[in-house]
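Here the structure is laid out as structure tokens; the discussion comes afterwards.
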Amino acid sequence: MKKHTFKVSLLAAAVGLAAGSAMATELRIDGFANIVAGQMISDSEDGSLYGYDEDLSFSPETNYGIQFRGDLDDGLSITGQIVGRGNEDYDAKVTWAYLTYEISDELSLKAGRSRVPYFMYSDFLDIGYAYHWIRPPQAVYDLGFENQDGITLDYLTEIGDWSSRVTVMVGRSDSDVDLDGDGTNESRIRILNQVGGAWSVNYDWFTARIAYFTSRVDIPVDDLATLSQGIKDYDAGLALAVPGYQAGTLDDTADKVVYDQDMAQFAGIGFSADYDNIIAVAEYTQVRIDDAPLEDRDTWYISAGYRINQFTVFGTYEKYNYNAKTDEVEKFANAAPITGVPALDGARAGILAGLPDVFSGEKDSEGMGIGVRYNFHPSAAIKVELNQLDNKTDNTKPQSIAVATNIVF
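Residues -24 to -1, 1 to 385 (mature numbering (1 follows the signal peptide of the UniProt record, and there is no 0)) make up the sequence shown, in order.
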């Protein structure tokens, strides 16, 4: 059988580390570090990007990681990865811990905690050395969660001159997510019964992929739970006070203001090309959560670069399109009658005042970035990147600059 051109081992694949074959030793240790300094260069009224403010800071994006891989012979291995992040006080956390069994040269089974292949760069998302940016475009990559506990099946084969990799996953995850994207509203998110996969094909300098996942999403938010119960209590009051009003009319709205094991779908498509001195990559994603407050999200980016000896100059354009479910406010207003009863009409007014905040995720923004990468060492690179986000929704234009040193070992 032909040797697969797909690179499966995370660090050896993405970075090309030459630390020796994992099959030749009982334990292999690889690692990475991303030392990133950045700050905002726009007015403070324009807001923040990537966690930076007007003062130079290292903590928002600096991180380190160590991966351990133990070969247990006869196709069995165990992998663990520990990552520490500056925005979490560099506390070391286990991000991967899984057992792999190679059923055949083409098929492998993985069980434990591992990365979900939502994106083109999911396998080496934390390894800055593996891509030309300081961080992948956040329009697409800022999903809020990356890993899951479950079972993964990988199938690698050749289709003519093309290499093919199919990944199928089943599992769940529990993680903290920033609901507003500004660090002020974090909650625990549970991704339940996640099922899906990704298919990548590669021919020489060209790679294309698709991904699709479904799951149930549960996010306990006290304020939303209180609002939901308030709508149900108001509905019960209407049923008692208004002749002909049917109890349960507002249950649909009450259900949609909370995240209670709601059906979610993620879909993505992407391509990358690395031809001679030219590199190009683009991805498009959709995120939908039925019967929940989260807006419908359509995001994409395109990036291109050109290598000149040890330097790579690049530019990126990214697009955020979040469509808020504002029609839910109108649906409630039409379904909830004005009764002339002060207590009921006061409750109606209070709910109508709160609903726009719940369904307020409208976002129409575009981001632009330019930068340069310098490979000053076989295992290290320096990058400088300037970014701007044009928020058309609130007419702000935050700008940031960052310098990064990416190291692998």
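Yeah, the Cβ is synthetic: ideal placement off N, Cα and C, and Gly gets one too.
Next on the checklist: Please state whether the Cβ-Cβ distance between residue 262 and residue 243 is less than 8 Å.
Outcome noted: yes
Checklist entry - Which residue's Cα is closest to the Cα of residue 62: 39, 170, 209, 54? => result 39
Checklist entry - Count the other CB atoms within 10 Å of the CB of residue 123; is the residue buried (16 or more) or exposed (fewer)? => result buried
Next on the checklist: Could you check whether residue 120 and residue 145 sit closer than 8 Å to each other, using their CB atoms as the reference points?
Outcome noted: no
Checklist entry - Looking only at its own chain, which residues have a Cβ that is under 8 Å from the Cβ of residue 208, when we skip the five neighbours before and after it? => result 226, 227, 230
Item to check | the stretch 315 to 324 / the stretch 279 to 287 touching (three or more Cβ pairs under 8 Å) | outcome: no
Checklist entry - From what residue to what residue does the alpha helix (DSSP H) around residue 323 run? => result 318 to 334
Checklist entry - In terms of residue numbering, what span does the alpha helix (DSSP H) encompassing residue 207 cover? => result 198 to 217
Next on the checklist: Could you check whether the Cβ of residue 268 sits closer than 7 Å to any heavy atom belonging to the ligand FMN?
Outcome noted: For the structure depicted, the ligand FMN is absent and the ligand set is empty, with no information on it obtainable.
Next on the checklist: I need the straight-line Cα distance from residue 310 to residue 267, nearest angstrom please.
Outcome noted: 18 Å
Checklist entry - Is residue 80 buried or exposed, if buried means 16 or more other CB atoms sit within 10 Å of its CB? => result exposed
Item to check | Segment contact flag, the stretch 354 to 366 with the stretch 326 to 345, C-beta cutoff 8 Å, min 3 pairs | outcome: yes
Item to check | Rounded C-alpha distance that separates residue 49 from residue 385 | outcome: 24 Å
Checklist entry - Who does residue 7 pair with in a DSSP beta bridge? => result 42
Next on the checklist: Does chain B have any CB closer than 8 Å to the CB of residue 174?
Outcome noted: In the structure shown, chain B does not exist; there is a single protein chain.
Checklist entry - Terminal residues of the continuous alpha helix (DSSP H) containing residue 308? => result 303 to 311
Checklist entry - Which parts of the stretch 87 to 142 are runs of the alpha helix (DSSP H), unbroken and 4 residues or longer, counting only runs that do not cross its ends? => result 114 to 117
Checklist entry - Is the stretch 163 to 183 in contact with the stretch 204 to 221, if contact means three or more CB pairs nearer than 8 Å? => result no
Checklist entry - With a cut-off of 8 Å, do at least 3 Cβ pairs link the stretch 53 to 72 to the stretch 80 to 94? => result yes
Item to check | Cβ-based neighbour list, residue 217, same chain, cut-off 7 Å, excluding 5 preceding and 5 following | outcome: 315, 317, 320
Next on the checklist: With a threshold of 7 Å on Cβ separation, who are the neighbours of residue 66 within its own chain once the five nearest residues in sequence on each side are excluded?
Outcome noted: 60
Checklist entry - For the candidate residues 106, 102, 308, 368, whose alpha-carbon lies nearest to that of residue 42? => result 102
Next on the checklist: Considering Cα atoms alone, identify which of 14, 30, 13 is closest to residue 21.
Outcome noted: 30
Checklist entry - Could you give the C-beta distance for residue 376 and residue 117, rounded to a whole number, given that I count them as a contact under 8 Å? => result That pair is no contact at about 16 Å.
Checklist entry - Around the Cβ of residue 68, are there at least 16 other Cβ atoms within 10 angstroms (buried) or fewer (exposed)? => result exposed
Next on the checklist: With a threshold of 8 Å on Cβ separation, who are the neighbours of residue 330 within its own chain once the five nearest residues in sequence on each side are excluded?
Outcome noted: 203
Item to check | residue 232: first and last residue of the uninterrupted alpha helix (DSSP H) it sits in | outcome: 227 to 232
Item to check | Spatially closest choice to residue 374 from 23, 5, 304, 6, by CA coordinates | outcome: 23
Next on the checklist: Could you compute how far the alpha carbon of residue -2 sits from the alpha carbon of residue 46?
Outcome noted: For residue -2, the predicted structure reports a pLDDT of 44, less than 50, and the residue's modelled location is therefore unreliable. A value from the coordinates is still provided. Whole-angstrom Cα-Cα distance: 9 Å.
Item to check | Cutoff 6 Å; reference residue 98; Cβ partners in own chain excluding five residues on either side | outcome: 91
Checklist entry - To the nearest whole angstrom, what separates the beta carbons of residue 293 and residue 273, a pair I think is in contact under 8 Å? => result 18 Å between Cβ atoms; not a contact.
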